[in-house]
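Peer 1: This is the structure I have questions about; it appears just below.
There are 2 protein chains.
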Amino acid sequence: MKDWPDSYYAAIFTNQRSEEGGDLYPLMSEQMVELAQKQKGFLGVESVRGDDGLGITVSYWESRDDIESWGRNADHMVAKNHGRQEFYLWYHLRISKVEMTRSFGFDEN
Amino acid sequence: MKDWPDSYYAAIFTNQRSEEGGDLYPLMSEQMVELAQKQKGFLGVESVRGDDGLGITVSYWESRDDIESWGRNADHMVAKNHGRQEFYLWYHLRISKVEMTRSFGFDEN
């Protein structure tokens, strides 16, 4: 978080994988993370999937506009369609403004 | 999310498990989730841990004050000490105000 702005946004994406899209999902998922990192205002991402198929991905952005722009990216829109049609049983995307951070055991990042 | 307020807060806890505290960790972790659910302002929680030990827990609260109060709960403070001393290599806790939600495939919760 070195060099991160004092004020920034978190896009909290919680989701439940379906049993479909087995080969395509990891491919598109990785592509989306790589593509997100090239977008204006991207700060970082943390992502976990549990054995039960529940996933949480939190991405961090300089502004809410940056998140909205990423949402309108053409390749991302294709991926989101796949998400609704096959990858996910449900998801929530919450856009939130980070007001305070407490960290432990970190010197950088 | 039925009956959730229009405005609420998310506490985003991202963390990396150490290899210590093996028996104690799942016990305390479960206790803390149960205890959190009894606190004023608690709305919900989503939690995932990956095979690599990276974990993300997002809890949702009516206000930032409610999150701060939970942080000062005596049992929670004991658990946080264990967290720093043995359970986690690092963590970030980010307190954020949810401004917008988009959901898919959900009728309730």
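Protein chains in written order, with our numbering: chain A, 36 to 144; chain B, 36 to 144. Beta carbons are placed, not taken as given, at the ideal position from N, Cα and C, and that holds for glycine.
1. Would His127 of chain A and Thr136 of chain B be called neighbours here (beta carbons separated by less than 8 Å)?
2. What are the residues of the stretch 107-140 of chain B that lie near chain D, defined by any Cβ-Cβ distance shorter than 7 Å?
3. Could you check whether the stretch 99-107 of chain B touches the stretch 88-100 of chain A, counting it as contact only if at least three pairs of C-beta atoms, one from each stretch, sit closer than 8 Å?
4. Output the distance between the C-alpha atoms of Gly88 of chain A and Thr49 of chain B, rounded to the nearest integer angstrom.
5. In whole angstroms, what separates the C-alpha of Ala114 of chain A from that of Gly57 of chain A?
6. Give the straight-line distance between the Cα atoms of Ile47 of chain A and Gly90 of chain A, rounded to the nearest whole angstrom.
7. So, helix, strand or coil for Asn108 of chain A, using DSSP?
8. Go ahead and label Arg52 of chain A buried or exposed: buried means 16 or more other beta carbons lie within 10 angstroms of its beta carbon, across all protein chains shown.
9. Going by DSSP, name the residue or residues bridged to Ser94 of chain B.
10. Quick check: the Cα distance between Glu134 of chain B and Tyr44 of chain B, rounded to an integer number of angstroms?
11. Which one of B:Tyr60, B:Asp41, B:Thr92 and B:Gln72 has the shortest CA to CA distance from Glu121 of chain B?
12. What residue range does the alpha helix (DSSP H) around Ser64 of chain A cover?
13. Just tell me which of B:Phe141, B:Gly140, B:Asp110 and B:Leu124 has its CA closest to the CA of Met67 of chain B.
14. Using a beta-carbon distance cut-off of less than 7 Å, what residues from the stretch 41-74 of chain A approach chain B?
15. Going by the CB atoms, is the gap between Tyr95 of chain B and Gly106 of chain B shorter than 8 Å?
16. Using the three-state DSSP reduction, which class does Gln74 of chain A fall into: helix, strand or coil?
17. Using 8 Å as the threshold, is the C-beta distance between Ser104 of chain A and Lys75 of chain A below it?
18. Identify each residue in the stretch 75-93 of chain B for which the Cβ-Cβ distance to at least one residue of chain A is less than 9 Å, and report them in chain order.
19. Would you give the residue range spanned by the beta strand (DSSP E) that Glu134 of chain B belongs to?
20. Closer than 8 Å, CB to CB, is Asp101 of chain B near chain A or not?
21. Please report the Cβ distance between Arg119 of chain B and Phe139 of chain A, rounded to the nearest whole angstrom; I am assuming they are in contact, meaning their Cβ atoms lie under 8 Å.
22. Thinking just about the alpha-carbon of each residue, which of B:Phe141, B:Lys132, B:Leu124 and B:Ser131 is nearest to the one in Phe141 of chain A?
Peer 2: Inspection of the coordinates gives the following:
1. yes
2. No chain D is present in this structure, whose protein chains are A and B.
3. no
4. In this structure, the CA atom of Gly88 of chain A is about 18 Å from the CA atom of Thr49 of chain B.
5. 14 Å
6. Cα to Cα, the separation comes out at about 11 Å.
7. coil
8. Under this definition Arg52 of chain A is a buried residue.
9. Answer by DSSP bridge pairing, in chain order: B:Ala46 and B:Val80.
10. 9 Å
11. It is B:Tyr60.
12. In the DSSP assignment, Ser64 of chain A falls within the alpha helix (DSSP H) that extends over Leu59 to Ala71.
13. B:Asp110
14. Listed by position, the residues of the stretch 41-74 of chain A near chain B (Cβ gap below 7 Å) are Ala45, Ile47 and Thr49.
15. The answer is no: Cβ separation not under 8 Å.
16. coil
17. Against a cut-off of 8 Å, the Cβ pair of Lys75 of chain A and Ser104 of chain A comes out as a contact.
18. Glu81, Ser82, Val83, Arg84, Gly85, Asp86, Asp87, Leu89, Gly90, Ile91, Thr92 and Val93
19. Tyr123 to Phe139
20. no
21. 6 Å
22. B:Leu124
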